[in-house]
Amino acid sequence: MPVEASSSSVARRSGTAEGSSGRIVVRGAREHNLKNAGIDIPRDSLVVFTGLSGSGKSSLAFDTIFAEGQRRYVESLSSYARMFLGQMDKPDVDMIEGLSPAVSIDQKGTNRNPRSTVGTITEVHDHLRLLFSRAGRAHCPVCGEAITRQTPQQIVDQLMELPERTRFQVLAPVVRGRKGEHIELLKDLQQQGYSRALIDGQRYELTDPPALEKQKKHTIEVIIDRLVAKGPGQDTNRQRLTDSVETALRLAAGIVLIDFVDVTDNSDSDLPARRRFSENLACPNEHEINVEAFEPRTFSFNSPFGACPTCTGIGTEKEVDPELIVPDEELSIREGAIQPWSQAGKLADYYEKVVSALAQELHFTLDQPWRSLSSEAKEALLYGKNYKVHVKYRNRWGRERAYTTGFEGAISTVNRRYKETESESSRERYEGYMREIPCPSCHGARLKPEVLAVTIGGRNIAEVSDLAIQECLDFLSSVEFTDREKQVADAVMREVGARLGFLLDVGLDYLSLSRPASTLSGGEAQRIRLATQIGSGLVGVLYVLDEPSIGLHQRDNDRLIGTLKRLRDLGNTLIVVEHDEDTIDSADWLVDIGPGAGENGGEVVYSGPVEGIKTVDRSVTGAYLSGRKEISVPATRRGIDKNRTLRVLGAKQNNLKNIDVTVPLGCFVAVTGVSGSGKSTLVNDILYNVLANRLNRARHVPGRHRQVQGTEQLDKVVHVDQSPIGRTPRSNPATYTGVFDKIRKLFAETNEAKMRGYTAGRFSFNVKGGRCEACHGDGTLKIEMNFLPDVYVPCEVCHGARYNRETLEVKFKGKSIAEVLDMPIAEAAEFFGAMTGIVRYLETLTQVGLGYVRLGQPATTLSGGEAQRVKLATELQRRSTGKTIYVLDEPTTGLHFEDVRKLLLVLQGLVDKSNTVVVIEHNLDVIKSADWIIDMGPEGGAGGGTVVAEGTPEDIARTEGSHTGTYLAPLLERSGVTPTIVKPSTASGKTATSSTAAKSSTKKTGAAKKTTTGKNTKTTAKSSSVSASTRRKAKALKS
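Each residue of the sequence shown is one higher than the one before, starting from 63 at the first, in the working numbering.
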């Protein structure tokens, strides 16, 4: 029986009435692994759902409560609206009461559209567009002079201030530098009553115009009037002047020229020879302006009115990268140095003959390493340079033939074929040799030059969007507007300031508004959507969030929790699926699902105030929160071998400040730091890309750096990130790991399959034969909704089984292939107990905490953390050489305390085999278990990009200025453990793991290396302000 407290004990301060109206009541929930679960949770509260990974938290929160709330809201809409939204299935639940309209904020669905940015997602860019269109100051993009539009009255007022006896004539420029004879125009002007004009600078009577050459450009300026100024304050000629100016403006499409007839190059007048006035936006120096008016749409890079015409508002274009064409300079051309030609298939022989001919011309051989070729040969091979080559060959009858052809070059070939191909797969292949570079016209700003010449406070809209959120807010707050501009700007500035403030509250101060949405992590995208929801000001909504603390440093957790509470205090109910201890401690109500995962979970173990769970024996969460269970500080750490390291020199990509970093090999290395400090740039963009290119022959473009030393000590790099293992329902853990091939072969060896003549291919849902042809093996049918997201419904023929009836009749141990794919991985491991080749894969998946996931669960339904662990398990199957480096990006995403402990055992096991593990991590349990830490910072964005400290966890804890050390220090100081450093010579065997019993040791670790100063700086332990949960954890460790 679940332990449940009365929800009235945490009735919100707003005075919500007790009873069903103040609660959300769930009875008989049976989605997925839920076992008739029932709970009562208070409304208008911050409710945290926790439990082991796969215990059923998401099934209850998202697939039951959110799904039913969304379904009821859709049903309340008109039948016309429901027609577009489709029929939503009712969750498998007996009853839910007290629901509000539900909004889900999860980690999936990051926008891959290159036009989507942080600014467009949060709608801050929309407000900036309005601000710049109404209060921006326009300038000429050529000369930088301020440009304005003037009314006829303003033009006349300026002319009335001319000095006395100034002679001038009012001109209407009807033709400006345009080819043609213009016979009809001149005749029409004469018919309208105009008698004189300046044609190419010469005065002519329109009754006798000159014959103009058709192929030359001409300028025709009609003389509207000739006047003499009476001096300032004299209005004698005002009406006549006004009529003349208006006539000229009407005749010349809003432009009038004032020609001062007495002013010449040799005169000493202060007046120019001419002055140009315009009703439209115009440059005083007569540079052409291609914008009639500045509207909000003009500042949008998604609109043809404002987008850069070269890149159409994308800001980048693709360019072939020579480093990707020739990734390994040690190879010769015959060995495949030039990648596109080495993978050309049937054309490879043709390329070899043509290159051989070029080699004779330029005196090199196909067996020389690329590095040793002359610069002339390299230029010719890559770019062609219009070389003519004489190719000799033998035809099918053995006769020698020859022909002369132009040599195109590898880069020129890729560019041409990329433009010509209509095949999507070919286009993707050619893009593999390209990198994105800023648009040469707008330099990445995405907008037209005229739009970028509009400024506020000296910055244009692209420059404001490029600022970090905190810097952007500071800049906009400092801008001084005129009284007229203030009337427009004040309301917009309040809204922009509020939305930027919400982004700061969720710990995204290091992002810029121009940051592409496709580059955001799942956690960042989720927090942006959270900030957007706060900005919407909705009340009475049920928000369901999936681990909002992902990717967030401990320092920023308090701000995030404050944001959640603010959303609650608006009058909303928040259900947060979370493992973070600080968030759990801040909850008004805690629901623990378990006690285990998969088939062993699905029960409500506890529902009530946070303190109550600590006494519940069945709760694994309660055991960790109370200190009964813990992840111990290891008793030993692996020492550093100075002769076995990787060195990244001169890293300066993104915000990295030309830093040098040393990564010890054969160790468990954690890269830490606040969000935006440069961890991912250093590890993923530079270190991994360089290693992948050198060791795995990949074609990645590394971030900017000078050199990476020590790669010869490794033979393989494995990158385990949170990207999906597949983007279609056809991909699943079984297919990704390769175990499905073995399972299909096993089914093909059954007697029934042999009698029917079935091979292993029969049991694949990707090819014809055994799959259901109604859904082509997908198990679902896609209904295209045009302007709405596509809807997937179960196949009516196979009911989601993916196979046809005949294939499903073949069984192994009483189970069909579809039933096997529907098993949880842990259950499948027991089912195939005697099949060691299959069980080895399944046990590895179970080791990384995925025993609850179904073997055939579609990849599209896996979280980022689950996909990452599937990849990790796949790599663990491969033979370890002891020279492999594993790079993991936040592997604890989505993991409970107990799952983190299991993961640490796996990672430490990899290092025990002399491999290297590098993790980017915020989880303190992982950080304290590392052998070596590289702490980035000190802040995010422009305030980061340096190495605050390098050393053991004990070193980091003693380092002043390290935010990671601030939160790490209490855990280490009160654990009662001073780990022993094991010398590298013995560290290759099985040494410290996270399960090692904590023992006291007298060996002291050295002082942290302060790389910001380049010296070893001795620091002392500091008392820091840390969260209450962190202190309690440290206290529990000590006890």
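Quick reminder that beta carbons are idealized off the backbone N, C-alpha and C, glycines included. Small disclaimer: the values here were computed from a predicted structure and weren't measured.
The ligand NAP heavy atom lying under 7 angstroms from the CB of residue i
i	result
ILE473	By its list of ligands, the structure shown contains no ligand whatsoever, and the ligand NAP lies outside what it can speak to.
Opposing strand residues paired with residue i [DSSP bridges]
i	result
VAL725	LEU708
ILE995	ALA732 and GLY1013
SER166	VAL606
PRO431	SER394
VAL1044	ARG700
LYS340	Looking at the sequence itself, residue 340 is Ser, so the reference to Lys does not match. In DSSP, SER340 forms a bridge with ILE317.
ASP951	ILE982
GLN264	ILE261
VAL284	ALA234 and ALA259
LEU509	ALA369
GLU379	ILE499
PHE322	PHE230
TYR465	VAL453
Beta-carbon spacing of residue i, residue j below 8 angstroms
i	j	result
VAL731	TRP994	yes
THR946	VAL780	yes
SER107	ARG630	yes
LEU961	GLY911	According to the sequence displayed, residue 961 carries Asp and not Leu. Cβ distance < 8 angstroms, so ASP961 and GLY911 count as in contact.
ARG133	MET150	yes
THR475	VAL453	no
ALA659	LEU96	no
PHE469	LEU420	yes
ALA935	ALA929	no
GLY1006	GLY839	no
SER737	GLY1023	no
THR112	LEU652	yes
GLY100	GLY90	yes
LEU907	ILE887	yes
THR184	PRO153	no
GLU547	ALA315	no
THR954	LEU965	yes
GLY918	ALA1019	no
LEU957	LYS990	no
Own chain residues within Cβ distance below 6 angstroms of residue i, not counting five before or after
i	result
ASP168	ASP608
ALA507	LEU514 and ALA524
THR943	ASP777
LYS877	none
Nonlocal neighbours in the same chain, by C-beta distance under 8 angstroms from residue i, ignoring five residues either side
i	result
THR773	LEU708, VAL752, LEU753, ARG756 and LEU757
LEU711	ASP722, HIS767, ARG768, GLN769, VAL770 and GLN771
CYS373	GLU379, CYS501, SER503, CYS504 and ARG508
SER436	LEU424 and PHE426
LYS279	GLY239, ARG240 and LYS241
GLU207	HIS201, CYS345, PRO346 and ASN347
Close-in-space but distant-in-sequence residues of the same chain around residue i (CB under 7 angstroms, 5 per side omitted)
i	result
ILE209	ALA200, HIS201, CYS202, LEU343, ALA344, CYS345 and ILE351
GLU557	HIS189
GLU640	VAL110, THR112, GLU609, SER611 and ILE646
ARG433	GLU391 and GLU392
ARG300	VAL218 and MET222
LEU636	LEU108, VAL109, TYR605, LEU607, LEU626, LEU629 and ARG630
Touching or not, the segment 127-144 and the segment 173-180, by the rule of three or more beta carbon pairs under 8 angstroms?
no
Please confirm if the segment 393-401 is in contact with the segment 431-447, defined as three or more CB-CB distances below 8 angstroms between the two stretches.
yes
Would you be able to state if there are at least three C-beta pairs under 8 angstroms between the segment 279-289 and the segment 229-238?
Cβ pair count under 8 angstroms is three or more, so yes.
Quick one: which unbroken alpha helix (DSSP H) runs of 4-plus residues sit fully inside the segment 769-813? Chain order, please.
795-799 and 801-810
With three or more beta-carbon pairs closer than 8 angstroms as the criterion, would you say the segment 210-230 touches the segment 568-577?
no
So, do the segment 717-727 and the segment 783-802 have three or more beta carbon pairs nearer to each other than 8 angstroms?
Output reads no: the segment 783-802 does not touch the segment 717-727.
Contact between the segment 638-651 and the segment 611-620 is defined here as three or more beta-carbon pairs at a separation below 8 angstroms; is this criterion met?
yes
Inside the segment 90-131 only - alpha helix (DSSP H) runs reaching at least 4 residues:
119-122
In chain order, which beta strand (DSSP E) runs of at least 3 residues are fully inside the segment 875-941?
Segments of the beta strand (DSSP E) lying fully in the segment 875-941: there are none.
Run through the segment 160-240 for me and flag every whole alpha helix (DSSP H) of 4 or more residues, listed as ranges in chain order.
180-184, 186-197 and 214-221
Just list the beta strand (DSSP E) runs in the segment 569-622, keeping only unbroken ones of 3 residues or longer that don't cross its boundaries, in chain order.
604-608
Do the segment 795-803 and the segment 968-981 make contact, defined as three or more Cβ pairs closer than 8 angstroms?
Too few Cβ pairs lie closer than 8 angstroms, so no.
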